[in-house]
Ligand code: IPE
Ligand code: IPE
Ligand code: MG
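As structure tokens, then:
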């Protein structure tokens, strides 16, 4: 029987190269990527994935030209205007990982609305990592913990307790991490949470990712032997 990973994380990379290869502008690649978020989210939900976490904008992506950053920040509005109803129909709950403060209001307000509207949904949790970086997440967690200790908390922190300081506090660790467009790196995404994830790097650019690619990844995941430091079963 096929095991469905409870938590899949995807680094949605390659929008720019997809556009370039087609003689289009970079923003057209980002727009094509938005439709893909809908397709893959609905398919993952149909497959029974419990948590799908998508890297949408990193703490390093602010280095890009302002025009591109502004365009990317306008995409949540397009995404939720087009697909919120479908997310609701599929009982999908939207959440966000990342530092909200720095995200422009055009994006953060739209996210807040989508989070509020879907908060009672019981199906897949669809999380968007926006202004997210693992280094920032871990340092922020350390500061919060230090503050708690100052306020009287004991300093015998465990791994599980530390996890509760991260944005992913309500989620299990990532089972399967997928990156599109064949860059063999993690670009500061969920470094703590992927300690024992299976990693898959796809050749396709994100806007070209197909539902069948996700199926292939899940099949590949089923071929892997996860040992978590122990020995093979049986
Ligand atoms: C991923 O596509 C989207 C974001 C990082 C926001 P890219 O824009 O990184 O596309 P490439 O890597 O330049 O092709
Ligand atoms: C990672 O992609 C971030 C997102 C997909 C949002 P990048 O395109 O920013 O990563 P690098 O710069 O190639 O490492
Ligand atoms: Mg990229």
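In our numbering, the protein residues as written are 7 to 240.
Backbone N, C-alpha and C fix where the C-beta goes; we use that ideal spot for every residue, glycine too.
Just mark residue i as buried or exposed, buried being the case when its beta carbon has 16 or more other beta carbons within 10 Å.
| i | result |
| --- | --- |
| residue 42 | buried |
| residue 205 | exposed |
| residue 195 | buried |
| residue 180 | buried |
| residue 117 | buried |
| residue 238 | exposed |
| residue 104 | buried |
| residue 112 | exposed |
| residue 197 | exposed |
| residue 21 | buried |
| residue 59 | buried |
| residue 8 | exposed |
| residue 139 | buried |
| residue 32 | buried |
| residue 88 | exposed |
| residue 13 | buried |
Quick one: measure Cβ to Cβ for residue i and residue j, integer angstroms, because I've assumed they're closer than 8 Å.
| i | j | result |
| --- | --- | --- |
| residue 40 | residue 90 | No, residue 40 and residue 90 are not in contact; Cβ-Cβ is about 13 Å, not under 8 Å. |
| residue 136 | residue 109 | 6 Å |
| residue 51 | residue 130 | 4 Å |
| residue 11 | residue 224 | 7 Å |
| residue 24 | residue 213 | 5 Å |
| residue 173 | residue 143 | 6 Å |
| residue 47 | residue 183 | Wrong, their Cβ atoms sit about 17 Å apart, outside the cutoff. |
DSSP has residue i in a bridge; who is on the other side?
| i | result |
| --- | --- |
| residue 242 | As shown, the chain starts at 7 and ends at 240. That puts residue 242 outside it, with no answer to give. |
| residue 138 | 64 |
| residue 160 | Residue 160 is not bridged to any residue. |
| residue 132 | 58 and 100 |
Select from the options the residue whose C-alpha is nearest the C-alpha of residue i.
| i | options | result |
| --- | --- | --- |
| residue 98 | 162, 133, 196 and 225 | 133 |
| residue 17 | 208, 131 and 238 | 208 |
| residue 57 | 100, 210 and 162 | 100 |
| residue 54 | 226, 33, 235 and 220 | 220 |
| residue 231 | 96, 189, 203 and 65 | 203 |
| residue 216 | 120, 32 and 38 | 38 |
| residue 79 | 62, 92, 140 and 152 | 62 |
| residue 114 | 141, 93, 86 and 128 | 86 |
| residue 93 | 64, 123, 30 and 26 | 123 |
The beta strand (DSSP E) that contains residue i, what's its start and end?
| i | result |
| --- | --- |
| residue 43 | Unbroken run through residue 43 is the alpha helix (DSSP H), 32 to 53; no beta strand (DSSP E). |
| residue 207 | 204 to 207 |
| residue 7 | It is not in any beta strand (DSSP E) - residue 7 carries neither H nor E in the DSSP assignment. |
| residue 103 | 99 to 103 |
Following the continuous alpha helix (DSSP H) through residue i, name the residue where it begins and the one where it ends.
| i | result |
| --- | --- |
| residue 195 | Premise fails: residue 195 is in no alpha helix (DSSP H) and is neither H nor E. |
| residue 128 | Note, residue 128: premise wrong, no alpha helix (DSSP H); not H, not E. |
| residue 234 | Note, residue 234: premise wrong, no alpha helix (DSSP H); not H, not E. |
| residue 169 | 165 to 169 |
| residue 72 | 72 to 79 |
Taking 7 Å as the cut-off, does the CB of residue i come closer than this to any heavy atom belonging to ligand 5?
| i | result |
| --- | --- |
| residue 63 | As far as ligands go, the structure on display features ligand 1, ligand 2 and ligand 3 and does not contain ligand 5. |
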